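Undergrad:
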Amino acid sequence: MEQLNFNRRLIAPCAVSIRENNGIKFNLKSFINRLIIFDTYILQSARLKEIPLFIRYFGYDGTKKLLSSNSIKLNYDIMAVGQLERKSKSMGVEVKTLPKYCYEFSVIKVMDKFNDKNITLDSIRSISGLKLKEKLELEDLVNGATFPCLEKFGAKALNQMYYDLRNEEALIKKSINAVFLKDTGIEINDSDYSIKIHQIGSDHFKVDNNLASKVNISEEKVHKLIESALLSIGRLNIRFEEMEYFSAMSGFINSEIGFPQNKLMFLLSKVNPNKIENNINRIVDLKFPDIDFENKKIDICRLLEIRQSPECIAFRDWIGNIDTLTDKEIQDQMSSFNSKLPSWLRARDGTALKFLAKTLIGSLYPPAGLAVGVLDQFVFDKVIPKNGPIMFINNMYPSIFK
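First residue of the sequence shown? That's 0 in numbering that gives the first Met the number 0, and the numbers climb one at a time after it.
#1: Could you tell me which uninterrupted beta strand (DSSP E) segments, each at least 3 residues in length, are contained entirely in the stretch 36-60, listed from first to last along the chain?
#2: Helix, strand or coil for D326 per DSSP?
#3: Pair every Cβ in the stretch 138-153 with every Cβ in the stretch 164-173, then say whether three or more of these pairs are closer than 8 Å.
#4: Quickly, what does DSSP pair V206 with across the bridge? List them, please.
#5: May I ask you to report which of helix, strand or coil DSSP gives R165?
#6: Am I right that I232 and M160 are in contact with their C-beta atoms under 8 Å? What's the rounded C-beta distance?
#7: Using the beta-carbon count (16 or more within 10 Å), is Y162 buried or exposed?
#8: Which whole-angstrom value is the C-beta distance of S193 and N209, which I expect to be below 8 Å?
#9: To the nearest angstrom, report how far apart K64 and A144 are at their CA atoms.
#10: Could you compute how far the alpha carbon of L324 sits from the alpha carbon of N277?
#11: I believe A79 touches I237 by the beta-carbon criterion, under 8 Å. Please report the beta-carbon distance rounded to the nearest angstrom.
#12: Decide if V373 is buried, meaning its Cβ has at least 16 other Cβ atoms within 10 Å, or exposed.
#13: Around the Cβ of T402, are there at least 16 other Cβ atoms within 10 angstroms (buried) or fewer (exposed)?
#14: To the nearest whole angstrom, what separates the beta carbons of K24 and A14, a pair I think is in contact under 8 Å?
#15: Does S254 pass the burial test, meaning 16 or more other C-beta atoms within 10 Å, or should it be called exposed?
#16: For C101, which three-state DSSP category applies?
#17: Restricting to Cα atoms, I'd like to know which of H222, Y244, E167, I41 is closest to A154.
#18: Distance check for R306 and L42, CA to CA, integer angstroms please.
#19: Go to R306, then tell me how far its alpha helix (DSSP H) extends in each direction, as first and last residue.
#20: Mark D76 as exposed unless 16 or more other C-beta atoms lie within 10 angstroms of its C-beta, in which case mark it buried.
#21: How about the stretch 274-290 and the stretch 182-201: do they share at least three Cβ pairs that are nearer than 8 Å?
#22: How close, in whole Å, do the beta carbons of L9 and F37 come, if the pair is a contact with beta carbons under 8 Å?
#23: Spell out a yes or no on whether the stretch 279-296 and the stretch 392-399 are touching, meaning 3 or more CB-CB pairs, one atom from each, closer than 8 Å.
#24: With H, G and I counted as helix, E and B as strand and the rest as coil, what does DSSP make of G81?
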């Protein structure tokens with residue numbers, strides 16, 4: 000894959016499955032903000048169930064525009080590390096062949112683009128209100144925006160997981176501690192118990208431990224908790240392989256960020272997309288506390304336009320560096336710059352300032368040999384880099400809502 004700007008690309012889902020009607024709960028606010036703060040958003044799709052929602056939120060033409068842009072790509076070859084429970088029949092009854100505290104792991108496809116193609120495309124074919132021709136056009140656009148099937152994906156993650164299980168006792172204990180706290184409410188420390196993992200064969204592991212006696216939980220329960228902890232390490236490595244394969248940051252959840260002491264901690268702290276998303280959510284909530292994304296009509300074409308603007312690019316640079324600012328400091332910045340501009344320059348979409356510069360210098364790109372004027376140099380070198388983030392959130396961001 001060509002070299003891409005890693006921290007400008009995100010791969011992550013934007014929906015969670017719900018049992019009712021086999022549907023999904025889609026986070027529209029997160030989706031919109033991701034389109035703004037990342038050059039490319041690789042959506043880990045839930046069998047394309049997001050497409051009917053795109054039609055609902057953005058309309059048919061807006062959805063076509065979105066899918067044909069380079070701002071979003073789709074992936075629904077979803078991989079995971081799973082625990083294999085080999086079974087055999089004894090006197091007609093299935094019994095497990097893996098003894099207690101023994102585990103065997105493999106990479107499995109949660110969703111398969113090739114084998115589940117008809118199932119996933121049903122999400123498009125079932126959209127009401129569209130003509131057959133429009134549905135076929137959508138299918139073509141979806142196929143064009145979808146990554147090819149992942150070939151041999153997961154081998155690196157599995158090998159790294161095996162290395163971690165053999166060598167990273169601190170990582171394993173952090174994962175076990177996190178699982179125990181989450182599932183039982185019991186807080187344990189590394190020094191409270193002992194654990195030793197032995198690799199038996201190529202993919203079979205045995206875990207010696209004294210957890211059951213230390214925390215007064217049944218052996219069966221401890222077996223399952225350890226399994227969950229080891230699978231968490233597998234999921235983490237799947238995320239890292241996704242990051243390498245797609246040249247993109249992966250949307251980690253907080254519990255995953257909490258325990259990797261030796262696994263690219265520097266990377267996680269520096270390019271954690273959760274931090275960037277939290278920052279833009281904070282900005283939007285401060286500036287527009289009453290906005291209701293679900294009941295707003297989104298002008299997706301306008302969004303795709305402004306995300307390419309110098310102001311939006313400056314906003315992306317700024318948004319990753321506001322962790323130390325208080326809410327009051329951010330609000331002061333947002334209000335102070337806008338109050339200094341005459342009302343006719345405070346255009347809703349920021350065009351007035353560009354028009355002023357463009358009029359005075361004749362062109363945004365003067366002919367070769369023509370000296371660049373003082374004002375245009377000031378606007379594009381000083382005003383936009385310094386105040387572009389505030390111009391974007393004050394003037395451009397609201398323009399995406401009809």
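No residue lacks a Cβ here, since even glycine has one placed at the ideal position from N, Cα and C.
Everything numeric in this text was worked out from a predicted model, so none of it was measured.
TA: So, to answer that:
#1: The stretch 36-60 contains these whole beta strand (DSSP E) runs: 39-43.
#2: One-based indexing of the sequence shown puts residue 326 at position 327. D326 falls in the helix class under three-state DSSP.
#3: Output reads no: the stretch 164-173 does not touch the stretch 138-153.
#4: What you label residue 206 is simply residue 207 of the sequence shown in a count that begins at 1. According to DSSP, which records beta bridges pairwise, V206 is partnered with I196.
#5: Position 166 of the sequence shown, counted from the start, is the residue given in the question as residue 165. DSSP places R165 in helix when its eight states are reduced to three.
#6: To locate residue 232, count along the sequence shown from 1; it is residue 233. To locate residue 160, count along the sequence shown from 1; it is residue 161. Rounded, the Cβ-Cβ distance is 6 Å, consistent with contact.
#7: Indexing the sequence shown from 1 puts residue 162 at position 163. Under this definition Y162 is an exposed residue.
#8: By 1-based counting over the sequence shown, the position of residue 193 is 194. By 1-based counting over the sequence shown, the position of residue 209 is 210. With a Cβ gap of about 6 Å, S193 and N209 count as contacting.
#9: Within the sequence shown, numbered from 1, the residue matching residue 64 stands at position 65. Within the sequence shown, numbered from 1, the residue matching residue 144 stands at position 145. Rounded to whole angstroms, K64 to A144 spans 12 Å at the Cα level.
#10: For the purposes of this step, residue 324 is identified with residue 325 of the sequence shown, where counting begins at 1. For the purposes of this step, residue 277 is identified with residue 278 of the sequence shown, where counting begins at 1. Computed Cα separation, rounded: 13 Å.
#11: Here residue 79 corresponds to residue number 80 of the sequence shown, with the count starting at 1. Here residue 237 corresponds to residue number 238 of the sequence shown, with the count starting at 1. The pair is a contact, with the Cβ atoms about 6 Å apart (cut-off 8 Å).
#12: Start at 1 with the first residue of the sequence shown, and residue 373 comes out as number 374. In this predicted model, V373 has a pLDDT of only 49, less than 50, meaning its place in the structure is not dependable; the value taken from the coordinates is given anyway. With fewer than 16 other Cβ atoms within 10 Å, it is exposed.
#13: The requested residue 402 does not occur in the structure, where the chain is confined to residues 0 to 401.
#14: Start at 1 with the first residue of the sequence shown, and residue 24 comes out as number 25. Start at 1 with the first residue of the sequence shown, and residue 14 comes out as number 15. About 6 Å separates the two Cβ atoms, so the contact holds.
#15: On the sequence shown, residue 254 is found 255 positions in, with the first residue counted as 1. In this prediction, S254 scores a pLDDT of 48, lower than 50, which makes its location untrustworthy; the coordinate-derived value is nonetheless stated afterwards. Answer is exposed; the Cβ neighbour count stays below 16.
#16: Along the sequence shown, read from residue 1 onward, the residue named residue 101 stands at position 102. DSSP places C101 in strand when its eight states are reduced to three.
#17: Counting from 1 along the sequence shown, the entry for residue 154 is found at position 155. Ranking H222, Y244, E167, I41 by Cα distance to A154 puts Y244 first.
#18: Residue 42 sits at position 43 when you count from the first residue of the sequence shown. Residue 306 sits at position 307 when you count from the first residue of the sequence shown. Near 17 Å, if we compare the C-alpha coordinates of R306 and L42.
#19: For the purposes of this step, residue 306 is identified with residue 307 of the sequence shown, where counting begins at 1. Run containing R306: none; DSSP gives neither H nor E here.
#20: Counted from its first residue, the sequence shown places residue 76 at position 77. So D76 ends up on the buried side.
#21: no
#22: As a working note, residue 9 is residue 10 in the sequence shown. As a working note, residue 37 is residue 38 in the sequence shown. So it is a contact: roughly 5 Å between Cβ atoms.
#23: yes
#24: The residue you call residue 81 lines up with position 82 of the sequence shown. For G81, the three-state secondary structure derived from DSSP is strand.
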